[in-house]
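Trainee: One structure, pasted below without further comment.
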Amino acid sequence: MTATVNPLRPAPGAPRPYHFPEFERHRLPNGLTVWVVPVPSAAVVNVHLLVDAGAAAEDEAHAGVAALTAQLLVTGTERLDASAFAEATETLGIEVSSESSWDSARAAFQSLPPHMAAGLALLAEMIQHPRFDPAEFDRLKAERLADILQARADPGRLADEMFLRHLYDDTTPYRRLSAGTPESVERITLDDVRAHHHTHWRPAAAHLIVAGPVVPSEVVAAAAEHLGAWSGSGPGHRTFEPRPGGGRRIVLVDRPGSVQSELRVGQLGIDRRSPRYFPAMVLGAMLGGVFGSRLNLRLREELGYTYGARAGFDPRRAVGPFSAGAAVQTEVTADALRETVEILTRVRDAAPDETELHDIRDFLVGVFPLRFETTGGVAMAIEPVAVYGLPDAWWQTYRSHLEAVGADDVLAAARELLDPDRYLMLVVGDADKVRDELTATGLGPLEIAAGE
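Structure representation (structure tokens):
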């Protein structure tokens with residue numbers, strides 16, 4: 016199956032040249048790595064501090080503690096309560112945030128250039144001397160529990176959660192959301208937050224990224240002044256080998272009365288340093304990453320089953336998921352699932368034609384510079400280079416790596432990374448209305464699962 020070509024659509028122009036800004040890297044005696052990306056034309060400075068304190072660093076009994084710890088950091092310091100801390104940020108005109116992902120945690124702010132040093136001083140105080148107020152902890156913990164439960168009332172978010180739960184086996188942390196589960200979050204105490212911060216918010220494996228109209232020597236001097244006394248090293252990033260939760264099967268999550276079904280089809284994908292990374296990105300875009308993708312053309316444009324279908328890889332430090340998904344009307348659930356599986360399977364049969372491949376590559380190459388239009392985007396681009404140890408020239412060579420992906424590379428990636436015998440096919444919908452039709456597809460054995 017190839018993309019439909021509209022003869023009336025103007026041909027895309029050649030991508031404009033783009034060069035990622037040059038950057039410098041310095042290492043302080045305490046182990047903190049300082050990355051400075053001068054962007055002289057920018058109006059603001061973005062500062063990102065990354066630490067090895069993400070969800071992968073948690074023990075599973077306290078899943079979600081990384082997220083809670085990060086959230087609590089912006090609620091005050093030992094010197095400043097929540098109100099005084101907020102007033103301090105407003106006085107400086109800066110926006111401070113703190114959050115965690117699977118592979119790292121980030122504390123960050125954006126400011127005008129004259130306030131960068133003062134903002135860094137406040138950030139340093141925040142991460143070295145957090146307040147961890149009990150009332151703020153109780154509030155944020157209650158909000159986290161409410162958000163997890165609310166997510167399960169949304170069929171799309173429920174499908175995402177249940178897909179991961181059944182995709183990975185019981186020993187793989189990726190089988191749950193990085194924010195934790197209701198059971199694990201309920202168990203978290205303020206002492207657990209303090210312990211996580213004390214153990215993992217350390218400079219030895221941390222990275223400070225500063226992007227904007229700055230002078231590198233001044234940034235390094237400010238970092239040394241405000242973060243040079245920060246000390247300690249963490250236990251190192253926890254490693255694990257993700258394992259699948261089973262072979263090919265259909266898992267039906269019953270949601271009585273639902274007028275739509277959420278579909279997810281996929282398997283284990285790739286890690287962030289996979290040699291198949293660039294072919295996988297092209298393959299994911301071709302299947303469901305752009306409007307003219309195969310899934311979208313078939314399920315939306317030709318059959319009218321959905322408002323939009325998507326697919327892609329989510330590479331992490333360890334092997335992340337590949338998934339394809341769509342929301343469809345209940346009466347076409349089985350047909351839509353069959354079509355999705357067929358498209359994912361047929362992509363392994365033949366290499367894409369040059370027109371389709373050219374369009375996909377041109378799109379990916381063309382939108383590439385858009386992510387770097389702001390200093391925030393530039394700072395975020397340094398993050399994977401820092402966290403995953405990617406080559407310094409990663410973004411300078413990114414376009415050429417995409418342009419070098421050929422049709423045979425995409426076919427090889429499809430055959431290696433997509434295995435029909437391992438497809439997890441998950442459906443969130445009204446079991447009474449779709450169970451028999453799903454069984455009749457013969458796509459795999461059917462399991463009924465609870466949505467809690």
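Counting in our numbering, the sequence shown runs from 16 upward without gaps. Note that beta-carbon positions come from the ideal geometry of N, C-alpha and C, so glycine has one too. Note that this is a predicted model, so its numbers are computed, not measured.
#1: To which residues of the same chain is H212 closer than 7 Å at the C-beta, ignoring the five residues directly before and after it?
#2: Have a look at the DSSP bridge pairing and note the partners of H222.
#3: Buried or exposed, going by whether 16 or more other CB atoms sit within 10 Å of the CB of S246?
#4: A18: buried (16+ other C-beta within 10 angstroms of its C-beta) or exposed?
#5: Which residues does DSSP pair with A122 in a beta bridge?
#6: Could you pull the start and end residues of the alpha helix (DSSP H) that A422 belongs to?
#7: Only counting the same chain, and skipping five residues up and downstream in sequence, which positions put a Cβ closer than 8 Å to that of R167?
#8: How about A161 and L137: do their beta carbons lie closer than 8 Å?
#9: Is the distance from the Cβ of S193 to the Cβ of S116 below 8 Å?
#10: Could you give the distance in angstroms between the alpha-carbon of E233 and the alpha-carbon of L352?
#11: Comparing alpha-carbon positions, which option in V420, A349 and D407 lies nearest D377?
#12: Leaving out five residues before and five after E475 in sequence, what residues of the same chain have Cβ atoms less than 7 Å from its Cβ?
#13: Quick one: residues in its chain with C-beta nearer than 6 Å to the C-beta of V400, no 5 flanking neighbours on either side, listed in chain order?
#14: Assess, as a yes-or-no matter, whether the segment 330-349 is touched by the segment 276-286 under the definition of 3 or more beta carbon pairs within less than 8 Å.
#15: Mind checking who R40 pairs with in its DSSP beta bridge?
#16: V66: which of H241, R361 and G251 sits nearest, CA to CA?
#17: Taking the alpha-carbon of V62 as reference, which of E277, K448, W50 and P294 has the nearest alpha-carbon?
#18: Short check: CB of L379 to CB of L302, under 8 Å?
#19: Could you tell me the alpha carbon to alpha carbon distance between A68 and E398, rounded to whole angstroms?
#20: I think P384 touches V425, with their Cβ atoms under 8 Å apart; what is that distance to the nearest whole Å?
#21: I need the DSSP call for V229, collapsed to helix, strand or coil.
#22: From the DSSP output, in three-state form, read off Y183 for me.
#23: Within 10 Å of its beta-carbon, does T412 have 16 or more other beta-carbons around it, so buried, or fewer, so exposed?
#24: Bridge partners for D269 per DSSP, in chain order?
#25: Excluding the five sequence neighbours on either side, which residues of its own chain have a C-beta within less than 6 Å of the C-beta of R159, listed in chain order?
#26: Quick check on DSSP: helix, strand or coil for D350?
#27: For A194, name the three-state secondary structure that DSSP assigns.
#28: Express the C-alpha separation of P32 and V80 in angstroms, rounding to a whole number.
#29: What number of angstroms, rounded off, separates the C-alpha of T106 from the C-alpha of G340?
#30: Using the three-state DSSP reduction, which class does R325 fall into: helix, strand or coil?
#31: Taking the alpha carbon of E388 as the reference point, which residue from H181, A58 and T90 has its own alpha carbon closest?
#32: Beta-carbon within less than 7 Å of L88's beta-carbon, same chain only, minus the 5 sequence neighbours each way: which residues are those?
#33: From what residue to what residue does the beta strand (DSSP E) around V343 run?
#34: Tell whether a beta-carbon distance below 8 Å holds between V280 and V356.
#35: Where does P55 sit, in a helix, a strand or coil, going by DSSP?
#36: Looking only at its chain, what residues have a beta carbon closer than 8 Å to the beta carbon of G272, apart from the 5 residues adjacent to it on each side?
Mentor: In short, the structure shows the following:
#1: Excluding the 5 residues flanking it on each side, H212 has same chain C-beta neighbours closer than 7 Å at T84 and P145, in chain order.
#2: Its beta-bridge partners are T48 and L65.
#3: By the neighbour-count rule (16 or more Cβ atoms within 10 Å), S246 is not buried but exposed.
#4: Because A18 carries a pLDDT of 46, less than 50, the predicted location of this residue cannot be relied on, and the following value inherits that uncertainty. Of the other Cβ atoms in all chains shown, 16 or more fall within 10 Å of the Cβ of A18; this residue is therefore buried.
#5: Answer is L64 and S113, bridged to A122.
#6: Per DSSP, the continuous alpha helix (DSSP H) segment holding A422 begins and ends at A422 to L432.
#7: Correct list, in chain order: L173, E176, G466 and E467.
#8: Their beta carbons are not under 8 Å apart, which means A161 does not touch L137 by this criterion.
#9: Yes; because the gap between Cβ atoms is below 8 Å, this pair is in contact.
#10: Going by C-alpha positions, E233 is about 57 Å away from L352.
#11: Checked all of V420, A349 and D407; the closest Cα to D377 is V420.
#12: Since the first residue shown for the chain is 16 and the last is 467, residue 475 is missing from the structure and cannot be characterised.
#13: So the list reads W409, once near-sequence residues are dropped.
#14: Judged by Cβ distances under 8 Å, the segment 276-286 makes contact with the segment 330-349, as three or more pairs qualify.
#15: Answer is W50, bridged to R40.
#16: When each option's Cα is compared against that of V66, the closest is G251.
#17: Closest option to V62, Cα to Cα, is W50.
#18: Result no, Cβ atoms of L379 and L302 do not sit closer than 8 Å.
#19: Distance between the alpha carbons of A68 and E398 is about 14 Å.
#20: Not a contact, Cβ separation roughly 23 Å.
#21: Here V229 sits in coil by DSSP.
#22: It is a strand residue.
#23: Counting every other CB atom within 10 Å of its CB across the protein chains shown gives T412 a total below 16, marking it as exposed.
#24: In the DSSP output, where bridge partners are listed per residue, D269 has G444.
#25: Contacts found: V200.
#26: If DSSP states are grouped into helix, strand and coil, D350 belongs with the helices.
#27: Secondary structure at A194: coil, using DSSP grouped into helix, strand and coil.
#28: Between V80 and P32, the C-alpha separation is close to 44 Å.
#29: If you draw a straight line from the Cα of T106 to the Cα of G340, it is about 45 Å long.
#30: Note: R325 maps to strand in three-state DSSP.
#31: It is A58 whose Cα lies nearest to the Cα of E388.
#32: Same-chain partners within the cutoff: S113, A122, M141, I142 and P145.
#33: First-last of the beta strand (DSSP E) with V343: P336 to Q344.
#34: Pairing V280 with V356 gives a Cβ-Cβ distance under 8 Å.
#35: P55 falls in the coil class under three-state DSSP.
#36: Within the same chain, G272 has close Cβ partners D445.
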